[in-house]
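See structure below.
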Amino acid sequence: MLELKNLEIELSKKLIINNLSTKFDQGINIVIGPNGAGKSTLLKSIAGLIKYSGSIKFDGTELSNKTNVRSSEVAYLPQNLVIPNQMTAAEYVLLGRTRHQSFFSYEDKVDRDSVNTSLQSVGADNLIDRFVSELSGGELRRVALARTLSQESPVLLLDEPTEGLDIGAQVEVLRLIQKVSKENGLIIVLVLHDLNLAARFGQLFYVFSNGTIIRKGDSEDIFETEILSEVYNTQIIIEKSKAGLNIYSE
Amino acid sequence: MIQRSISVALIFTLLLFGCSNTTTELEDSSSSQDETNRIISLDPSSTEILYAIGAGDRVIAVDSYSDYPTEAPSDSNLDAFNPDLEVILNLDPDLVILGFSESGLAEDLADQEIEYLELPTANSLEQMYSHISELGLATEQIDEAAALVAEIRKNVSDAKEELNVEGLKVYHEVGSDNSGFYTNHSGTFTGDIYTELGFENIVLEEEVVNGLVDAEVILDKNPDLIVTNSDDFAASPDEISNRPGWEKISAVENTRLISVDTTTSSRSGPRIIEFIDSIVKANESVSSNTN
Amino acid sequence: MINNNLAKYLLCLLGLICVMLFAISFGSVSIDIDKIIIHLLNQFPGISLNSNLTDTEISILNQIRLPRVFLAGLVGAALSLSGATYQGAFKNDLADPYLLGVASGAGLGATISIVFGVHSLANSVPATTFFSFIGALLAVVMVVSFARFAGKDSSNLLLAGVAVAAFLTAIQTYMLQANRDSIVQVYIWILGGLSTSGWDEVLLIAPYVLICGVPLIMLGKYLDVLRVGDTEAKSLGINPTKIRLTVVLFATLLTAAAVSVSGLISFVGLIVPHTVRIVFGSSYKSLLIYSVIIGSAFLILADVGSRILVSSQLPIGVVTAGIGAPFFIFILATRNNHA
């Protein structure tokens, strides 16, 4: 379990995160809320990329300040991935093994096996020798996911993992995340702006507004017209059908 | 006017060239004294020669590099390589001696109808002897010039006998930089002195590229005697001996390295006698060294 | 991945040895190459064959040719490794080892020692070597200090480098202007040269190549992590700023040592890593090692070129630029074959 207590982050004299306390469990946890509210900042702080005050504990132990240790506790993918030149998918995924290697050694069989396994579990082993700069958006996301898997951390933070993908690829990536979550028992925290996708793929939802989590619950609890309309400051309409929820704004 | 005096001088030079001990029987200096009372010398070698042949009292100005004899009236405005025509005109000379002829000054002087004598750098003793004769002719000190030539010739042959080196290999280093070593090779004035003294220059003119010679060549030729200049640009005998790889050279093994004065060893003037004396003495003292 | 490369590394190393042999066989005095090979084998303990070399030839080989080839190799390795490192640290393929003021600092140091006529210091270290080394290091200290005022962003480092370089070059120009006799000597130093006085210069630079080269090669894998940007790199477990500073520190020390013995030889730190990238790929783990090997060979060959191409010795900086640049264009043009 990932527990956040009294988290506070101030950026440019503004309190982006204001006394936030919450818990994340195994499974797919989706943080929703309006743009610029601070959702990305929240993920970054858990990843240790931004300074914060307060406590973040995994299974009772405070997360480390040292980046190399932190990276074994938490894996993170930003909204916009940097695409390096002339790097194969294998090398890209291998980067996830950095903290597993000592200063003096290069990769060993364990690392290579991890790379292969990770790529297989995301269904991207056919891409192993392709340059990441030549992959499609969806393929890149899959390979990036493989990289986080090779880090072998119990917590996975994904900021808008469907960013820039077409609708088919979006669903594909989210299905993959579901599969990965089940197979590895990870705590996954996603930021998604697409409420329909969120409703479809998430297990627990966290509504983020004004610097804190104002509501936490499952699909029934969260996807209520009044709650969402107030958060998003617009009239939200939710239609329930056998296929699922259809959420849109007026 | 100018062409005539030059050609006369040339004819006499040719005459002098073949003989080693002649004096000329021309009009004595007093009759045409009026012609050259005001002499400017823009060539350090010529300055020294002028004073040695007795024409020094008529020298009114010399260039900034003419540092000997000390009483020579050195004018800092006269640069041997970049002479100022105005300064020269101002001095109202009868005769201007030029050593470095690329400045275009010769044409300017001709235009101004000022008599001049161009003496390009001597690369051999014989060339120096002919310069001395030309200067003697131009300043009406013909006998004195001939005497000076004779004195130097005798000094050279006496020194050669005393040295008795018979083809001893010599390497005279002037300086060095990143690209190699600068040396007085066989085609230089100093190199010619060594040849006349009986030495063998290890570096021939043909082997030098851009004035530089390679360390490998020096090692390969294995000189018996190493001479170095005493100025800051050149290395000291110790520095040369300590060069890695040079230990096996005959001169270094037998500690036959000598240091000589830079100016007297390279300036084509009467003080080469001092240089030659220093070579004789130094060679004497090191020839007993053997390791 | 490194195991796959082992065979390639060994092949390149073999190529380097061939290049060294070729270079050693060059000189004003011709020495047969088979005698040279036997002589070199004799240097290994336990081998004692008759090389039939004269004492003079042995002197020439041991004191003139071998040190020069080793110096060229070490300087080439140093500059290439530094260049590749800077390119990784700044994620900029055009970064070269002289970027952070090293060139201008070294140039000013050399100028000061030449203008004030300082001769050699203790331990037969020539003054220009010492002063240019100190100058290079001081320049980088200036750059890093200035950059700290502005924040740890790497572009600030580059900007500070430009400013410091301009400042130091201005001082150098002023000094030369006031001491024109020294201009030629300073210019010759700047153009770069690999003249050796026995093994002195080699022994001066060798420790730096080892002390800086080994850590740099080990840090190579972190440069690969930097390729996905600072944010992701941090999430993958490294401290980008610390890595960057550490790596730049070692690379700068390495460059300063190289420049102090060889002057400012241009292009090596740019061309060699680029060429290696095109031929062997962009992973810094292998790039750094290849840069060392290929960089060595490159400068050794350039040095041979400087000795034979024109009748007199060409400053090696001219050779590296003149030969390296068109060669690089050729590589670029035939690049289509690669992915």
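Residue numbers (the working numbering), protein chains in the order written: chain A, 1 to 250; chain B, 1 to 291; chain C, 1 to 339. Glycine included, each C-beta is placed from N, C-alpha and C at the ideal position.
Classification of residue i by the beta-carbon crowding that lies within 10 angstroms, buried from 16 upward
i                         : result
serine 82 of chain C      : buried
methionine 20 of chain C  : buried
alanine 80 of chain B     : buried
leucine 210 of chain C    : exposed
tyrosine 98 of chain C    : buried
aspartate 59 of chain A   : exposed
isoleucine 156 of chain A : A small correction: the amino acid at residue 156 of chain A is leucine; isoleucine does not occupy that position in the sequence shown. With 16 or more Cβ atoms within 10 Å of its Cβ, leucine 156 of chain A is classed as buried.
glutamine 172 of chain C  : buried
threonine 22 of chain B   : Its pLDDT being 41, under 50, threonine 22 of chain B is placed unreliably by the model, and the measurement read from it follows with that caveat. Exposed: under 16 other Cβ atoms inside 10 Å.
alanine 122 of chain B    : buried
glutamine 112 of chain B  : exposed
leucine 168 of chain B    : buried
isoleucine 202 of chain B : buried
valine 252 of chain C     : In the sequence on display, residue 252 of chain C carries threonine and not valine. Buried, because 16 or more other Cβ atoms sit within 10 Å of the Cβ of threonine 252 of chain C.
alanine 234 of chain B    : buried
leucine 6 of chain C      : exposed
Other residues of its chain near residue i: CB distance less than 6 angstroms, five sequence neighbours each side excluded
i                            : result
arginine 38 of chain B       : Ile60, Pro93 and Asp94
alanine 78 of chain C        : Val209, Leu254 and Ala258
phenylalanine 309 of chain A : Residue 309 of chain A lies beyond the stretch modelled for chain A, which goes from 1 to 250, so this question has no answer here.
Option nearest residue i by Cα separation, candidates the options
i                            : options                                   : result
threonine 129 of chain C     : C:Leu253, C:Val259, C:Val144 and C:Leu41  : C:Val259
threonine 264 of chain B     : B:Ile49, B:Ser41 and B:Leu85              : B:Ile49
alanine 89 of chain C        : C:Gly322, C:Leu245 and C:Leu194           : C:Leu245
alanine 75 of chain A        : A:Leu145, A:Ser118, A:Lys13 and A:Glu172  : A:Leu145
leucine 10 of chain C        : C:Ile294, C:Ile323 and C:Phe328           : C:Ile294
valine 132 of chain A        : C:Ser51, C:Arg148, C:Ser296 and C:Arg227  : C:Arg227
serine 241 of chain A        : A:Gly217, A:Val191, A:Ala199 and A:Thr117 : A:Ala199
glutamate 73 of chain A      : A:Leu81, A:Thr88, A:Ile56 and A:Gln86     : A:Ile56
arginine 210 of chain A      : A:Ile30, A:Ile28 and A:Thr41              : The amino acid occupying residue 210 of chain A in the given sequence is asparagine; arginine does not appear at that position. It is A:Thr41 whose Cα lies nearest to the Cα of asparagine 210 of chain A.
phenylalanine 103 of chain A : C:Gly263, C:Ile300, C:Leu314 and C:Ile243 : C:Ile243
Interface flag, residue i vs chain C, CB-CB below 8 angstroms
i                        : result
proline 244 of chain B   : yes
alanine 215 of chain B   : yes
glutamate 91 of chain A  : yes
tyrosine 206 of chain A  : no
arginine 142 of chain A  : no
aspartate 177 of chain B : yes
serine 40 of chain A     : no
Close beta carbons around residue i, own chain, < 8 angstroms, minus the five adjacent residues each side
i                         : result
glycine 137 of chain A    : Gly164, Leu165, Asp166 and Ala169
asparagine 164 of chain B : Gly198
leucine 135 of chain A    : Ala89, Leu127 and Val143
C-beta neighbour in chain A for residue i, strict 8 angstroms
i                         : result
threonine 231 of chain C  : yes
valine 225 of chain C     : yes
glycine 237 of chain C    : yes
methionine 218 of chain C : yes
lysine 8 of chain C       : no
Residue i in three-state terms, based on DSSP
i                         : result
methionine 1 of chain A   : coil
isoleucine 30 of chain A  : strand
arginine 267 of chain B   : coil
threonine 188 of chain B  : coil
serine 28 of chain C      : coil
serine 124 of chain B     : coil
alanine 211 of chain B    : The sequence given here has glycine at residue 211 of chain B, not alanine. Reduced to three states, the DSSP call for glycine 211 of chain B is coil.
asparagine 196 of chain A : helix
aspartate 232 of chain B  : coil
serine 283 of chain C     : coil
lysine 14 of chain A      : strand
isoleucine 271 of chain C : helix
threonine 212 of chain A  : strand
Residue-level contact to chain B via CB, residue i, 8 angstroms cutoff
i                         : result
isoleucine 294 of chain C : no
glycine 15 of chain C     : no
valine 29 of chain C      : yes
Neighbourhood of residue i by C-beta distance below 7 angstroms, restricted to the same chain and skipping five residues each side
i                         : result
arginine 65 of chain C    : Ile24 and Gly27
alanine 256 of chain C    : Val102, Ala106, Phe133, Ala136 and Leu137
isoleucine 316 of chain C : Gly192, Gly193, Leu194, Ile265, Ala302, Asp303 and Ser306
glycine 244 of chain A    : Ala199 and Arg200
asparagine 155 of chain B : Ile273 and Ile276
Closer than 7 angstroms: residue i CB and nearest the ligand NAD heavy atom
i                       : result
glutamate 62 of chain A : As for the ligand NAD, it is missing from this structure, which has no ligand bound.
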